[in-house]
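Asker:
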Amino acid sequence: MPSCHSLPAEGGQDHAAMGHEAHADMAKGQPAADAAEEARLRIPDMDLLDQDGRPVHFYRDLVEDKVVAMNFIFTTCTTICPPMGANFSRLQEALGEHLGRDVQLISVSIDPTTDTPQRLKAWGEKFSASDAWTLVTGPKPDVDQVLRQLEVLSPDFKDHGPVALLINDRTGAVRRVNGLTPPAKLAAMLEEMMDTPEAPTEETAR
Numbered sequence: 146m147p148s149c150h151s152l153p154a155e156g157g158q159d160h161a162a163m164g165h166e167a168h169a170d171m172a173k174g175q176p177a178a179d180a181a182e183e184a185r186l187r188i189p190d191m192d193l194l195d196q197d198g199r200p201v202h203f204y205r206d207l208v209e210d211k212v213v214a215m216n217f218i219f220t221t222c223t224t225i226c227p228p229m230g231a232n233f234s235r236l237q238e239a240l241g242e243h244l245g246r247d248v249q250l251i252s253v254s255i256d257p258t259t260d261t262p263q264r265l266k267a268w269g270e271k272f273s274a275s276d277a278w279t280l281v282t283g284p285k286p287d288v289d290q291v292l293r294q295l296e297v298l299s300p301d302f303k304d305h306g307p308v309a310l311l312i313n314d315r316t317g318a319v320r321r322v323n324g325l326t327p328p329a330k331l332a333a334m335l336e337e338m339m340d341t342p343e344a345p346t347e348e349t350a351r
C-alpha cells in the first residue's frame, strides 16, 4: 500500500471548494489567503503516469528531496487552467538557471478519466513545457487519493480553484498560494524556500 509523507501545511484558504465565480475573482488579482494552518500536508506515493506515459511514483520520483511548484489542471478546462498553464510557462523563464537544477514543476490532472498522457503532452506543448515540468495522470482512484491528501479534491473537478503548492521536501516547508500569482513572485518564493536551512536530521540534531 502506498505510503504518505507528512509536511506542515502553510497558508491557504480552501480553494478546492471554490467555484468558477471565485476563479474569476482570483483571476482579477485577488491575493490568496496566507494564514497558518494546523493540519499537516500528506503526500502519497501513488503509482501514476507522466505525459510521456512513463510510470512515476508521485512522492519518490517527483517530490522527495526536491523543491517543487505544483498546480492542478484539466485539459478541457477553458477558464482558469489555460492561465495557470501560461503562468507556469512564464515561471520557467523566471526561474532561469534554477529550473531543473533546483526547482521542478508538476501539474496534476484533476480529470484523469479524460486526460491521457497524450492529452497532457499536447496541453503542455501549448505552454512550452520543459523537461523540468512533469504533467501527471493515472487511474482516477489513485489520482483522487493524491488530490485528497493534498487537500485539493473537489466534489466536481470543474469547480476547482486556482491553487498551487510550493514545497521544499528537504525542509518540510509548504506554501499554499494562488496559482495565478505573478511568475516573478512565485520564483522569489521558491528561491526563498531554497535558501531556507534544511531541517536537522536525527543524526545532525545530536
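Going letter by letter, the sequence shown gives residues 146 to 351 in this note's numbering. All C-beta atoms in this analysis are idealised placements derived from N, C-alpha and C, irrespective of residue type, glycine included.
(1) Using the three-state DSSP reduction, which class does Arg-264 fall into: helix, strand or coil?
(2) Just to confirm the assignment: which complete beta strand (DSSP E) runs, minimum length 3, are found wholly within the segment 220-294?
(3) What does the alpha-carbon distance come out to for the pair Pro-300 and Leu-311?
(4) Using CA coordinates, which residue listed in Asp-247, Glu-296, Trp-268, Gly-324 is at the minimum distance from Cys-222?
(5) Check whether the segment 215-232 and the segment 320-331 touch, using three or more Cβ-Cβ pairs below 8 Å as the test.
(6) Within its chain, find whatever has a CB closer than 6 Å to the CB of Asp-256; leave out the 5 residues flanking it on each side and keep chain order.
(7) Would you kindly report the start and end of the unbroken alpha helix (DSSP H) that includes Phe-217?
(8) Rounded to a whole number of angstroms, what is the C-alpha to C-alpha distance between Gln-237 and Ala-333?
(9) Could you round the C-beta distance between Phe-217 and Val-297 to whole angstroms and report it? I think they count as a contact, below 8 Å.
(10) Which class does Pro-328 belong to by DSSP, given the choice of helix, strand or coil?
(11) Once you ignore the five residues that flank Pro-200 on each side, which residues in its own chain have a CB closer than 7 Å to its CB?
Answerer: Inspection of the coordinates gives the following:
(1) Arg-264: helix per DSSP, three-state reduction.
(2) Contiguous beta strand (DSSP E) elements confined to the segment 220-294 occur at 248-254, 278-282, taking only those with 3 or more residues.
(3) Their backbone Cα atoms lie some 23 Å apart in a straight line.
(4) Per the Cα distances, Trp-268.
(5) Touching, yes, given that three or more Cβ pairs across the two stretches are closer than 8 Å.
(6) Phe-219, Phe-302.
(7) Segment 212-218 is the beta strand (DSSP E) holding Phe-217; no alpha helix (DSSP H) there.
(8) When rounded, the distance between both Cα atoms is 12 Å.
(9) The Cβ separation is near 5 Å, so the contact holds.
(10) The three-state secondary structure of Pro-328, taken from DSSP, is helix.
(11) Residues of the same chain with a CB within less than 7 Å of the CB of Pro-200, apart from the 5 flanking positions on each side, are Asp-192, Leu-194 in chain order.
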